[in-house]
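Undergrad:
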Amino acid sequence: QVDMVVRTMTITCKRLADVAFSDPYFRTGQQVLAPKKSGITGYDTSLTHKRICTAASSTAFDTLTADKKTGRLVASARMSTPVPNQLDCLVRLQLGQVDAVVTDGALAASQAAQDPTVELKGAAFTDEYYGVAMKLDAKDLVRRVNQVLVDYRRSGWQASYDKWLSPTLGKSSGPSEPPAS
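Per our numbering, residue 1 is the first one in the sequence shown, and the count goes up by one each step.
1) From the DSSP secondary-structure annotation, give me the bridge partner or partners of D104.
2) Would you mind stating whether A112 and I40 have Cβ atoms separated by less than 8 Å?
3) Looking at C-alpha atoms only, which residue of P35, S57, S58, D62 is the closest neighbour of K187?
4) K14 by DSSP, collapsed to three states: which one?
5) Per the contact definition of three or more C-beta pairs closer than 8 Å, is the region 13 to 31 in contact with the region 130 to 149?
6) Out of T59, L87, Y152, point me to the one whose CA is closest to F125's CA.
7) Assuming contact is defined by CB atoms lying nearer than 8 Å, are G42 and G131 in contact in what I supplied?
8) Nearest to V32 by alpha carbon, out of I11, L107, M4?
9) What's the C-alpha gap between L64 and P167?
10) Judging by CA-CA distance, which residue of V91, S38, M4 is the nearest neighbour of D115?
Take a look at the structure:
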């Protein structure tokens with residue numbers, strides 16, 4: 001029904017079976033978002049007995065599920081029922097229904113920008129890349145989008161990053177260069 005999806009969509013092997021992706025245009029990773037005054041420090045034992053929110057069908061949900069099975073996520077952390085949209089997690093956090101949100105750093109930064117009582121906690125604990133999704137057989141469109149991304153990397157990417165992401169990513173923002181094609 002659409003030609004492309006331009007949003008915070010992580011390139012994954014599973015998704016590559018259904019759609020074609022552009023070259024990556026942004027590198028991010030899963031991070032924890034929690035109230036500034038909480039004792040949560042990141043994706044670590046500070047999540048002991050904490051309620052965590054994430055969106056269904058997200059890479060964060062997949063990571064939390066896998067980490068719960070392997071023991072990387074502290075056993076007593078509780079994954080709340082996944083929500084349809086990541087912004088629903090911010091509302092649940094504000095209402096005190098959950099203690100933390102796990103999502104990618106860019107989305108967490110946008111949520112922190114909306115609510116000055118929350119912040120990103122700890123460093124990213126995964127490595128992920130956003131891409132523009134298109135129909136599998138849209139080879140010409142993929143090439144065109146990739147060229148637009150090349151041009152944007154040269155003139156515009158850094159200014160956009162500095163304006164919209166850097167202020168809320170703060171010290172955890174790391175390098176601000178787009179990923180190579």
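The beta-carbon is built from N, C-alpha and C at its ideal position, and this holds for glycine as well.
TA: Taking the coordinates as given:
1) In the sequence shown, residue 104 corresponds to position 104, counting from 1. Its beta-bridge partners are Q30.
2) By 1-based counting over the sequence shown, the position of residue 112 is 112. By 1-based counting over the sequence shown, the position of residue 40 is 40. If you check the CB distance, A112 and I40 do not come in under 8 Å.
3) There is simply no residue 187 to check, as the chain begins at 1 and stops at 181 in what is shown.
4) Counting from one through the sequence shown, the residue named residue 14 turns up at place 14. Residue state, collapsed to three classes: helix.
5) yes
6) Here residue 125 is taken as the residue at index 125 of the sequence shown, counted from 1. Selected option, being the one with the closest Cα: T59.
7) Working through the sequence shown from its first residue, we reach residue 42 at position 42. Working through the sequence shown from its first residue, we reach residue 131 at position 131. With contacts defined as CB atoms closer than 8 Å, G42 and G131 fail to qualify as a contacting pair.
8) Within the sequence shown, residue 32 is the residue found at index 32, counting from 1. Checked all of I11, L107, M4; the closest Cα to V32 is L107.
9) As a first step, residue 64 is located in the sequence shown; it is residue number 64 there, counting from the start. As a first step, residue 167 is located in the sequence shown; it is residue number 167 there, counting from the start. Their backbone Cα atoms lie some 27 Å apart in a straight line.
10) Along the sequence shown, read from residue 1 onward, the residue named residue 115 stands at position 115. Checking every option, the nearest Cα to that of D115 belongs to V91.
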